[in-house]
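When we follow our numbering, the leftmost residue of the sequence shown carries the number 120, and every step to the right adds one.
Every residue gets a Cβ at the ideal spot worked out from N, C-alpha and C, and that includes glycine.
Remember, it's a predicted structure, so these values are computed and weren't measured experimentally.
Presented below is the structure to which this report refers.
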Amino acid sequence: KLLGEGETNSLPDAEYRLGLGFNTELDVNPPDYFSQSVDPKAGFGYVSLGLKTVFYDDKNFVFSMEGFFVPPSGHAYFGSRGYQGGFNLITQYNFKEKWSLAAVIGAASYGERNEIEFQNYKTFSPDLALSYEITNKLVIYGEFFGQSRSSYTNGFGLIFDTGLIYQIFEFASVDIEFGQRVLGQLNNAAHYIGIGSAMKFD
Numbered sequence: 120k121l122l123g124e125g126e127t128n129s130l131p132d133a134e135y136r137l138g139l140g141f142n143t144e145l146d147v148n149p150p151d152y153f154s155q156s157v158d159p160k161a162g163f164g165y166v167s168l169g170l171k172t173v174f175y176d177d178k179n180f181v182f183s184m185e186g187f188f189v190p191p192s193g194h195a196y197f198g199s200r201g202y203q204g205g206f207n208l209i210t211q212y213n214f215k216e217k218w219s220l221a222a223v224i225g226a227a228s229y230g231e232r233n234e235i236e237f238q239n240y241k242t243f244s245p246d247l248a249l250s251y252e253i254t255n256k257l258v259i260y261g262e263f264f265g266q267s268r269s270s271y272t273n274g275f276g277l278i279f280d281t282g283l284i285y286q287i288f289e290f291a292s293v294d295i296e297f298g299q300r301v302l303g304q305l306n307n308a309a310h311y312i313g314i315g316s317a318m319k320f321d
């Protein structure tokens, strides 16, 4: 549900990761298709390309870094009219066998659509997620993520997200999530529900 009035739907929210060796993988996010109850009614989003490298990985601690790049692409409203990009530092700590705590610190340059020009703004993005392994196939998590600027004209925004991840096969899982706005206008969303799946190919 959008802030104010209206609702929006998007799909497929796809993400493809390809291992390149040397603890590095390529990340490709093709455009989503958006349909909403207010103008503009529909259009495609932007494409995003990323690269992630794991610097340290043992049984309990993982440290990695990822960068992403968004070229001009998609609909004038839903897509990107200019270049965007950023990077994230990611840490994950596993403790007490079933618990996991992940923290992300990111910095990015985003852009906002405007009738006259594409307005860039810089933002700092903290993220903290706690997960618990209910069984060897079912995980529950809770996450807070935010941005120091949620748009060119708006300040700090924060969203709480929680969900379940269920491993149906050794190579596939499904998940459901619910997100709720806490502060600001991040992603222009009051709340949302998402359903997804993931598959691994060796």
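Counting C-beta neighbours from all protein chains within 10 Å, is the total for residue i 16 or more, i.e. buried, or is it exposed?
i: Y229; result: buried
i: Q203; result: buried
i: T242; result: buried
i: P150; result: buried
i: L305; result: buried
i: F288; result: exposed
i: S156; result: exposed
i: V189; result: buried
i: F153; result: buried
i: S316; result: exposed
i: V258; result: buried
Which residue marks the beginning of the beta strand (DSSP E) containing residue i, and which one marks its end?
i: D94; result: Here the chain comprises residues numbered 120 to 321, so residue 94 is not present and cannot be evaluated.
i: V166; result: V166 -> no beta strand (DSSP E), and no H or E assigned at all.
i: F188; result: 180-189
i: E231; result: 218-231
i: H310; result: 310-318
i: D151; result: D151 -> no beta strand (DSSP E), and no H or E assigned at all.
i: D280; result: 276-288
i: Q211; result: 203-214
i: L305; result: Run containing L305: none; DSSP gives neither H nor E here.
i: N273; result: First-last for N273: undefined, no H or E at that position.
i: E87; result: With the chain covering only 120 through 321, there is no way to say anything about residue 87.
For my contact list, residue i and residue j are in at a C-beta cut-off of 8 Å; report their separation, rounded to the angstrom.
i: G298; j: G274; result: At roughly 20 Å, the Cβ-Cβ gap does not stay under 8 Å, so G298 and G274 are not in contact.
i: I209; j: S183; result: 5 Å
i: L121; j: A309; result: 7 Å
Starting from the C-beta of residue i, find all residues in its chain whose C-beta is less than 6 Å away, skip the five residues before and the five after it, and write them out in chain order.
i: N207; result: E185, V223, G225
i: N179; result: N213
i: S244; result: G225, Q266
| field | Cβ contact check for the segment 282-289 and the segment 265-274: 3 or more pairs under 8 Å | value | The segment 265-274 and the segment 282-289 do not touch, with fewer than three beta-carbon pairs separated by less than 8 Å.
| query | Are the segment 188-196 and the segment 151-163 touching by the rule of at least three beta carbon pairs closer than 8 Å? | reply | The segment 151-163 and the segment 188-196 touch, with three or more beta-carbon pairs separated by less than 8 Å.
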